[in-house]
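As given, the protein sequences belong to chains E and F, one line each in that order. Just so we're on the same page, my numbering is the position in the first sequence counted from 1, plus 209. Just so we're on the same page, my numbering is the position in the second sequence counted from 1, plus 433. Think of the CB as a built atom: it goes at the ideal place given N, C-alpha and C, for glycine as much as any other residue. Bear in mind the structure is a predicted one, so any value in this text is a computation, not a measurement. Notes follow the structure.
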Amino acid sequence: MKQIAIGALAAIVAVVLLALSGAAFGHAPGALLSTLVSGSIGSPFALRGTIIKSIPLLLTGLSVAIAFRAGVWNIGAEGQFIVGGLACFLGAPFGFVAALAASVLAGALWALAASLLRFWRNAPEVLTTILLNFVAIHLLGYAVNGPMQEAKKQYPQTDAATIALSTAAEVVIAVAVCIAAWILLYRTQEGLRLRATGFNPFAALWAGVNVNAQIARAMAISGAMAGLAGGLELLAVTHRLFERFAAGYGYSGIAVALLAQLHPLATMLSAVFFGALETGAGELQRASGVSSTVATFGEAVVILVLIAFGSFRARD
Amino acid sequence: MLAVATRTIVMRRGRIVADGRGLGAQDLAKAMVDVAPALTRRAHPEPAESRLCIEHPHVHAGEIVAIIGVAGNGQTELAAKLRDTLPRAATAHIPEDRTRDGIIAEMTIADNLALATAKSPEELISKFSIRATGPRQLAGKLSGGNQQKLVLARELAREPRVIVAAEPTRGLDVESTRFVHDQLRDAAARGAAILLITSDLDEAFGLADAIHVIYRGKLSERLTPAEAASRAGALMAGLQ
Numbered sequence: 210m211k212q213i214a215i216g217a218l219a220a221i222v223a224v225v226l227l228a229l230s231g232a233a234f235g236h237a238p239g240a241l242l243s244t245l246v247s248g249s250i251g252s253p254f255a256l257r258g259t260i261i262k263s264i265p266l267l268l269t270g271l272s273v274a275i276a277f278r279a280g281v282w283n284i285g286a287e288g289q290f291i292v293g294g295l296a297c298f299l300g301a302p303f304g305f306v307a308a309l310a311a312s313v314l315a316g317a318l319w320a321l322a323a324s325l326l327r328f329w330r331n332a333p334e335v336l337t338t339i340l341l342n343f344v345a346i347h348l349l350g351y352a353v354n355g356p357m358q359e360a361k362k363q364y365p366q367t368d369a370a371t372i373a374l375s376t377a378a379e380v381v382i383a384v385a386v387c388i389a390a391w392i393l394l395y396r397t398q399e400g401l402r403l404r405a406t407g408f409n410p411f412a413a414l415w416a417g418v419n420v421n422a423q424i425a426r427a428m429a430i431s432g433a434m435a436g437l438a439g440g441l442e443l444l445a446v447t448h449r450l451f452e453r454f455a456a457g458y459g460y461s462g463i464a465v466a467l468l469a470q471l472h473p474l475a476t477m478l479s480a481v482f483f484g485a486l487e488t489g490a491g492e493l494q495r496a497s498g499v500s501s502t503v504a505t506f507g508e509a510v511v512i513l514v515l516i517a518f519g520s521f522r523a524r525d
Numbered sequence: 434m435l436a437v438a439t440r441t442i443v444m445r446r447g448r449i450v451a452d453g454r455g456l457g458a459q460d461l462a463k464a465m466v467d468v469a470p471a472l473t474r475r476a477h478p479e480p481a482e483s484r485l486c487i488e489h490p491h492v493h494a495g496e497i498v499a500i501i502g503v504a505g506n507g508q509t510e511l512a513a514k515l516r517d518t519l520p521r522a523a524t525a526h527i528p529e530d531r532t533r534d535g536i537i538a539e540m541t542i543a544d545n546l547a548l549a550t551a552k553s554p555e556e557l558i559s560k561f562s563i564r565a566t567g568p569r570q571l572a573g574k575l576s577g578g579n580q581q582k583l584v585l586a587r588e589l590a591r592e593p594r595v596i597v598a599a600e601p602t603r604g605l606d607v608e609s610t611r612f613v614h615d616q617l618r619d620a621a622a623r624g625a626a627i628l629l630i631t632s633d634l635d636e637a638f639g640l641a642d643a644i645h646v647i648y649r650g651k652l653s654e655r656l657t658p659a660e661a662a663s664r665a666g667a668l669m670a671g672l673q
């Protein structure tokens, strides 16, 4: 109950601060807010935009939540999202199942690379996952400027994938994954051990949990979800790969997960909130010339409020 | 210590038991371990098979073997080594640091129990008389004694064949201490092999069928409580 209140408070403070800082730059706070609202949920078109942005945020948010629950700082959802998109594109000629399975597998393996570095060299995941993001970004840049560039060789992008997914199907898959994540965390022995490892790895070890294997599995599940987010984004939204394909969804997933207090079902609400914020911010840019980076501002404020109320503590 | 100290004070259980100048090693040893071995020993099954065989401690089924020594002589390392080498399914571990290693404070009593046993939390709470509002109470909200009972409930519910208990009553009140001792005795009576690592000498002499002294990471030979009563002090100080 207290956690819900803190989450709601963080969201409200973020929106209010956003409006007030708009006032500081000569925009009427009321008009700013109403543009944000109408631009995100005010029309069928706006609503569709919000949903399209919420789905990848939901999946990257779940990815981050699972890792953080296990006490692993996976900041690499962005890179896992990208390799998921790449693998999905390569798997597309073999059908939907192959394409999405490839994205899941690629994301999981990308995340596991960080766990291997942890076990082999005791390298902290918070560093390795971020560095793996840059590797993924440049891998994608190479792919769309080189071997995977479109046949016309005009823009740095791939051709459209050979298969496409409807938004409805994308929503169904994402919500199913969200419910599965909740069942995993709160209704299985695996989830119990994962949470125990995150809260107190020492006690988990004494209670018989194989802590290293647990951390590696949590990383793989986390990466798989971010990879799936990239695959779904490719098949249902962008249809092709280009350099800005990930569009910060991986990093925004951190804010989504924290606002949801790392709870899978709350992640749904949190993802829609940030999805609406990003969509509304886009409309703000078109209507009043306020840069759409105000959405990032909102994310940062949410994280700061959560830290201020101590509901999010670093344990590493 | 003998080389630099001019005056030596020996404390046991919060009381000064010896104080003087020129105390020799043997005097100190006697002052440190002045316990009468318990006279009544329960009958236990004949040593049939050896369950624990790491470095030196051999513990037979139905037997309590204590490892005593001055803290910091390898007790912690021994417990960790046993944790990592003994088969988990048949072994219970009661770690010495209850708040760090024993319970997960942020999780409920039910979740803490479910980590190692499938038995009903309500049943275990009443069987181990854990004073709590219910299975959904956070383990961190329990008193120290009840946290230790929770660890015991989780570890002993599976009726393990081997129990490694490190400092199982450190910091507990009299009632909880008695409860822990009764549980260990009952487990031994059921046929469990128990290794008790403790710095509480009264506990060791009150429970153990045999005693080893640990000093600088090495175990002494196996001593009967009577032998230990006369030699433990010297062994703990590294004089033998």
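Excluding the 5 residues flanking it on each side, F/P593 has same chain C-beta neighbours closer than 7 Å at A523, T524, A525, A625, in chain order. For E/M477, the enclosing alpha helix (DSSP H) begins and ends at 473–497. Proximity of F/L548 to chain E, defined by a Cβ-Cβ separation below 8 Å, is satisfied.
In its chain, beyond the 5 residues on either side, A667 have a beta carbon closer than 6 Å to the beta carbon of F/Q673.
Counting along the chain, no beta strand (DSSP E) covers E/Y395; the unbroken alpha helix (DSSP H) around it starts and ends at 376–396. Here E/G489 has L245, G248, S249 as same chain residues with Cβ atoms under 6 Å from its own Cβ, once five neighbours each way along the sequence are excluded. Cα atoms of F/S576 and F/N506: separation of roughly 29 Å, rounded to the nearest angstrom.
Residues of chain E with a Cβ closer than 7 Å to the Cβ of F/E539 are, in chain order, F408. By the rule that beta-carbons nearer than 8 Å mark a contact, F/R533 touches chain E.
Residue contact with chain F for E/A405: present (Cβ-Cβ distance below 8 Å to some residue of chain F). Listed by position along chain E, the residues whose Cβ is nearer than 7 Å to that of F/R594 form an empty set, because the closest Cβ is around 15 Å away. Looking at the backbone, the Cα of F/A599 and that of F/R618 are separated by about 15 Å.
Annotated three-state conformation of F/G453 is strand, per DSSP.
DSSP lists F/Y648 as the beta-bridge partner residues of F/K651. Neighbours of F/H526 in chain E, taken as residues whose beta carbon is under 7 Å from its own, are W415 in chain order. For E/L268, the enclosing alpha helix (DSSP H) stretches over residues 253–278. Counting along the chain, F/I630 sits inside no alpha helix (DSSP H); it lies in the beta strand (DSSP E) bounded by residues 626–631. CA-CA distance, E/A214 to E/F408, rounds to 22 Å.
At least one CB of chain F lies nearer than 8 Å to the CB of E/L401.
Per the coordinates, the alpha-carbon of F/T441 lies some 50 Å from the alpha-carbon of E/V281. In the DSSP assignment, E/F451 is bridged to E/Q366. The beta carbon of E/V420 lies closer than 7 Å to those of T406, P410, A413, L414 in the same chain, with the five residues before and after it left out. Think of a sphere of 7 Å around the beta carbon of E/F411: the chain F residues whose beta carbon falls inside it are R533, D534, in chain order. Per DSSP, the unbroken alpha helix (DSSP H) holding E/R327 starts and ends at 305–330. The residue from F/R446, F/G457, F/G447, F/V450 with its alpha-carbon nearest to that of F/T439 is F/G457.
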